[in-house]
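Below is one structure, written out as structure tokens; comments come after it.
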Amino acid sequence: MQEKAGYKSIALDIAQRIVSGEFPRHSKISGRSLLAGQYHVSPETIRKAIGLLKEENIVSVSQGKEIIVLSEQLAHEYITKHNYLKSAYSLKQDLESLLEEKKAIDERFEELLNEIIKASDRMQNLKPYRPVEITIKANSHVIGNTIGNLFFWQNTGATIIALRRGTEVSISPGPHVVLREDDVIVAVGDEKMYDRTAHFINQKMQPEQ
Numbered sequence: 001m002q003e004k005a006g007y008k009s010i011a012l013d014i015a016q017r018i019v020s021g022e023f024p025r026h027s028k029i030s031g032r033s034l035l036a037g038q039y040h041v042s043p044e045t046i047r048k049a050i051g052l053l054k055e056e057n058i059v060s061v062s063q064g065k066e067i068i069v070l071s072e073q074l075a076h077e078y079i080t081k082h083n084y085l086k087s088a089y090s091l092k093q094d095l096e097s098l099l100e101e102k103k104a105i106d107e108r109f110e111e112l113l114n115e116i117i118k119a120s121d122r123m124q125n126l127k128p129y130r131p132v133e134i135t136i137k138a139n140s141h142v143i144g145n146t147i148g149n150l151f152f153w154q155n156t157g158a159t160i161i162a163l164r165r166g167t168e169v170s171i172s173p174g175p176h177v178v179l180r181e182d183d184v185i186v187a188v189g190d191e192k193m194y195d196r197t198a199h200f201i202n203q204k205m206q207p208e209q
């Protein structure tokens, strides 16, 4: 038969029955077999439970295995001690759980910190390539020419990533796009790219011979 309660739980329950007055002082508690039937456990489990109470001087066991209640006060103290121990165990479990959570949070914090550091490093590396905007002025020699015909990258080292024309924006314009006055070129390149590109774009159109 599967036992439904451990001997420690049974000892605690019997102590509670003593405190409640169900088993008054000097009274006899039912034999082990009867208690085993009440708790649906083996007589051996009852023997262990009674043994715990005997160690605390809550009950006595005679040679004839007669169980006598000795002290309601000690039974009450036994229950109180058990509750303290249970509370301490519960707090210990909570602490261990919190420590596990803290460990997971610390590990995640470390991961995020490393990601931030890596991202910052990448941003530092990208600083020379931050986008710049250059407006095509009137009389610029690039007006009416395509990006491809101007050999734009070869002449400037700049990569055009967008072209803004009025309220319209063209992302990564192709080589066949014709440039117009007041177009805004958005380009990236090294730290000297802006000066080279601005100089190239704003060269004046050569008068026709």
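If you're matching positions, the sequence shown starts at 1 in the UniProt record's numbering and goes up one per residue.
A virtual CB, placed ideally from N, CA and C, is assigned to each residue, including glycine.
None of the values given here were measured: they were computed from a predicted structure.
Subject >> Enclosing beta strand (DSSP E) for Arg164 [first to last residue] >> reply: Thr159 to Arg165
Original post:
What's the call for Val59, buried or exposed, on a 16-neighbour Cβ count within 10 Å?
Top reply: Burial is judged here by how many other beta carbons sit within 10 angstroms of a residue's own beta carbon; Val59 has at least 16 and is buried.
**OP:** With DSSP as the reference, label Ser140 as helix, strand or coil.
**Re:** strand
Original post:
Taking the alpha carbon of Ile143 as the point to measure from, which residue in Ile79, Ser71, Ile185 and Ala162 has its own alpha carbon closest?
Top reply: Ile185
Original post:
Going straight from the alpha carbon of His141 to that of Asn202, what length do you get?
Top reply: 7 Å
**OP:** Return the first residue and the last residue of the beta strand (DSSP E) that Glu133 is part of.
**Re:** Here the beta strand (DSSP E) through Glu133 covers Val132 to Thr135.
Original post:
So who's on the other strand from Ile29, going by DSSP bridges?
Top reply: Ile67
**OP:** Starting from Ile46, trace the alpha helix (DSSP H) both ways and give me its first and last residue.
**Re:** For Ile46, the enclosing alpha helix (DSSP H) begins and ends at Pro43 to Glu55.
Original post:
For Phe152, which of Glu133, Phe200, Ser170 and Ala162 has the nearest alpha-carbon?
Top reply: Looking from the CA of Phe152, the closest CA among Glu133, Phe200, Ser170 and Ala162 belongs to Phe200.
Subject >> Span separating the alpha-carbon of Ser62 from that of Lys81 >> reply: 26 Å
Subject >> Contacts around Val23, its chain only, beta-carbon distance under 8 Å, and the 5 residues preceding and following it disregarded >> reply: Strictly speaking, residue 23 in this sequence is Phe, with Val absent from that position. Same-chain partners within the cutoff: Ile14, Arg17, Ile29 and Val69.
Original post:
Val177 by DSSP, collapsed to three states: which one?
Top reply: coil
Original post:
Between Ile10 and His76, what straight-line distance do the alpha-carbon atoms span, to the nearest angstrom?
Top reply: 15 Å
Subject >> Delimiting residues of the beta strand (DSSP E) encompassing Ser170 >> reply: Glu168 to Ile171
**OP:** In the DSSP assignment, find the unbroken alpha helix (DSSP H) run with Ile58 in it and report its ends.
**Re:** Unbroken run through Ile58: none, as it is neither H nor E.
Subject >> Limits of the unbroken alpha helix (DSSP H) element including Ile14 >> reply: Tyr7 to Val19
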